[in-house]
Amino acid sequence: MGTTISTEKGKPLGTPNSPRKRSSFLYSKKAAPYIFVSPFILSFLFLFLYPFISAINMSFQRVLPGQVEYIGLRNYERVLNPTFYTALQNTTVYVILTVILLTVLPLIFALFLNNRLMKMTNFFRAAIFIPALTSVIVAGTIFRMIFGDSDMAIANQFLSFFGFSPIEWRYGAASGMFLMVVLASWRWMGVNILYFLAGLQNVNHDLYEAADIDGANVWQKFKHVTFPAIKPIVIFLTTITTINGFRMFEESFVFWETSSPGNIGLTVVGYIYQEGIQRNDMGFGAAVGIVLLLVIFVVSVIQLYLTGAFKKGDS
Amino acid sequence: MRKMVLAALSSVFLLSACGGNNANDASGDLEEQTVVGDDIEGATELTFWNFQELHTQFFEDAVIRWNEENPDRPIQLIAETYPYDQMHNNLLLALQSGSGAPDIADIEISQFANYLQGEVQLEALNDVVEPELDDLITSRFDIYAKDGNYYGIDYHVGATVMFYNEEIMNEAGVDIDSIETWDDYVEAGEQVVANTDAVMTTVESDDHFTFWCLISQRGSDYFDENGDVILDNETNVDTLQFIYDLVYEHEIAEIAPGGYHHAEEYYGFMNDGGAASLMMPMWYMGRFLDYMEDLDGKMQIRPLPMWEEGGNRSAGMGGTGTVVTNQTENSELAKDFLAFAKLSEEGNVKLWEILGFDPPRHDVWDSPAMAEDNRFYQYFHDDIFEILHDIRDEINNLNITEQTTNAQQEINSNVMHSVLRDQSRTSQEALEDAADAIRSRMIE
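Heads up: the sequence lines are chains A and B, in that order. Counting in our numbering, the first sequence runs from 4 upward without gaps. Counting in our numbering, the second sequence runs from 816 upward without gaps.
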């Protein structure tokens, strides 16, 4: 009763009690940050932390329909087998190649696109970015046709035009790796160029002028002005390309689905899928996943250490 | 300017939307859903998952017949087709986690072992299978059994046969009925290669249908009756060497374009008269009809050549077991309906009429209904079931164990590739490595 009266009384003032409370809560400097970060915290808890903990738990289990038992470290004992080494080797080669290609080439392209003498830069920027929007499955299907086994496939016609004999792309270890790297490079090139372009925009033009006055040549300008400015981007790109490379799955899947001849396209994540889901060995798959996590962690730390990312923070 | 930005943005969204949809298609969302019997009031709802849309057609017909004959227990069937991997993964996870599984599902033979591990989450079908066992090819039921319980009902026997392209064989001057042993076959192959542009046959480098058929024909397998690995036994090594010799020694065979007999490239190659013959199970007939129409009227089916006089002339290969999961609320109804669809005489006739499969119930093979003209007889010839009758008792059991999926994986991705395509290992080495890899998984 009392509240009704007070609301009626308050009405003429135009500021009823409860809405004011609500808005003051929303505008409160204490609560707002928590509200804004809560979607992230929640998704982190449910989509990352919970699966992560249960994966660790599962890696010590043997999981069968209707039966789950703890088997200690036995899953981990089985991880270091020849197939895992093949998968790890494939993945490592893939990571090294993609890291090199996906930092060097985009940097060169970005330098061109950022140059005032370059014509139609907007068109090229858009054209290079489009692959990133295409689904890898669709792109992979087209790549599969381009690199088909028959002499009529585009890639083989191209080879025979230059007098080389056609290649069975999907059946050789080197050509198989080539296919995966080409697909990944095609896909991510545009995104990485964007990062570099963004970085290049931040380079202070006065520095170039100063360099010009000092008589620096193009290479010296790149080395002493441009590169220091975009170094953080290089570090960022090598790190995420490494991590993405280690968790690569689709590039291999579109060419061979889940089993490639002689395991030439087997990646660590492909191996987890094969063991955990296809062969119904979840515990073992989880163990491989945890090992992969450690590998990525160690590699990333070494990489960041070598590129001096830690030092910067300290100074 | 603003308009241009809007146009650019919307095209970006369109592009990414397309991408998303396509990715979903390929990664495996529902491809097709068919509801049958939704016009009947009070019908019990059953869901059915499969990975082959043709199987839906078969069950569609079965539901209509069931509802006519059992007005007191009508069924409404919701049949859902998913891509192969997706369906098996979904089903496995649903059974593993205890919720979300359909009432009825198809499980392909090479995946079946996964479902027999631990406490089987499928309903035993003994009460419907056992009364009919005398009229069934029992080996087709043993492959889906564990500890005396039958868990799956197959669509077909999968008798392996030789498909001959008679046009090419005639051109080479070979009478296909004169080929009785594999030696005759090799001899005929040499004639084919000498007199025509075609090779005698193709072998799979990325799948197991060339290898498994042949070792099964010779009474061998990946595992023995006790489930021990015999993949590297003498017969298997010898058989793999024979396949190798067909390609590199006698030079009458080629590695199948695309690596296996279900590849797009292979259909094109065969359709153009690339090979004079092909060894595959009977159910491969449908692939001829669907993908190799230029061969219409040219193909003849014959039993396999024998390894020695009086030896087997076939092997039962492939298969898909239909199961009832333990998450169904209507287990009796589901089982009765499944038996009606796939174990009854009429159901078995339908397996032939609708799907072109050699039905597991052999007493219907010579029934008049089976002789009626259909598209398979028109494409091939009309003595298909006489041949089946001839070879009925020459089909060995397969020993399916919990490790079958692993064995298959080893064969597909390592053994055939390294021996046939890469030529990096001998038959003996490749099979020993594969056998060791499987054994190492069985220790725990």
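Don't be surprised by glycine CBs; every beta carbon is placed ideally from N, CA and C. Bear in mind that the values here come from a model prediction, so they are computed numbers and not experimental data.
In the three-state scheme derived from DSSP, where H, G and I count as helix and E and B as strand, N964 of chain B is classed as strand. Contact check for R1117 of chain B against I991 of chain B passes: the beta carbons are separated by less than 7 Å. For the options B:T862, B:Y1082, B:Y1075, B:A1222, the alpha carbon positioned closest to that of S1146 of chain B is the one of B:T862. Look at Q1142 of chain B: its C-beta is not under 7 Å from any C-beta on chain A. Here S62 of chain A is not near S1228 of chain B, since their CB atoms are 7 Å or more apart.
Here DSSP, grouped into helix, strand and coil, assigns F132 of chain A to helix. R119 of chain A is classed as exposed because its beta carbon has fewer than 16 other beta carbons within 10 Å across all chains shown. For P886 of chain B and T1216 of chain B, the gap between their C-alpha atoms comes out near 41 Å. Scanning B:A1090, B:R1033, B:N905, B:I968 for the CA closest to the CA of E945 of chain B turns up B:I968. In this model, G292 of chain A and D1208 of chain B are separated by some 48 Å (Cα to Cα). Distance from T244 of chain A to T106 of chain A at the Cβ level is roughly 7 Å; contact confirmed, criterion being Cβ atoms closer than 8 Å.
Identification of residues in the region 180 to 213 of chain A having a C-beta nearer than 7 Å to some C-beta of chain B yields an empty set. A check of alpha carbon separations from N1211 of chain B across B:L1029, B:M977, B:A1154 identifies B:L1029 as the nearest.
With the criterion set as a beta carbon lying under 8 Å from some beta carbon of chain A, the region 883 to 899 of chain B has no members that meet it. The CB of T1220 of chain B comes closer than 9 Å to the CB of Q281, R282, N283 in chain A, given here in chain order. Under the three-state reduction of DSSP, I1058 of chain B is assigned to helix. Counting only residues of its own chain and dropping the five nearest sequence neighbours on each side, D1087 of chain B has a CB closer than 8 Å to the CB of D1109. By the CB criterion at 7 Å, G193 of chain A and I149 of chain A fall outside the cutoff. Among the residues facing chain B, L67 of chain A is included, as its CB has a counterpart in that chain under 7 Å away. Interface with chain B (7 Å Cβ-Cβ cutoff): Y97 of chain A is excluded. When DSSP reads this structure, Y979 of chain B sits in a beta bridge with B:S1092, B:Q1115. Contacts with chain B (Cβ-Cβ distance below 7 Å) from the region 81 to 110 of chain A involve no residue at all.
According to DSSP, residue pairing for A1068 of chain B in a beta bridge involves B:T1016. With the criterion set as a beta carbon lying under 9 Å from some beta carbon of chain B, the region 288 to 309 of chain A has no members that meet it. DSSP, read as helix, strand or coil, puts F1024 of chain B in helix.
Close partners of D152 of chain A in chain B (Cβ separation under 8 Å): P1072, G1073, E1080. Within chain A, the residues V66, L67, P68, G69, N283, M285 have their CB atoms less than 9 Å from the CB of Q911 of chain B, given in chain order. Looking at the backbone, the Cα of F873 of chain B and that of G973 of chain B are separated by about 17 Å. Cβ neighbours of I267 of chain A within its own chain (closer than 6 Å, five residues either side excluded): A176, G179. For the pair M1085 of chain B and S925 of chain B, the Cα-to-Cα distance works out to about 26 Å. For N266 of chain A, the chain B residues whose Cβ falls inside 8 Å of its Cβ are S1228, N1229, in order along the chain.
C-alpha of G1131 of chain B to C-alpha of I299 of chain A: approximately 46 Å in a straight line. Taking a 10 Å sphere around the C-beta of D918 of chain B, we find 16 or more other C-beta atoms and assign the residue as buried.
Here I890 of chain B is bridged, per DSSP, to B:T859. Take Q160 of chain A, set aside five residues on each side of it, and no residue of its chain has a beta-carbon closer than 6 Å to its own. Assignment of L937 of chain B by DSSP, reduced to helix, strand and coil, places it in the strand class.
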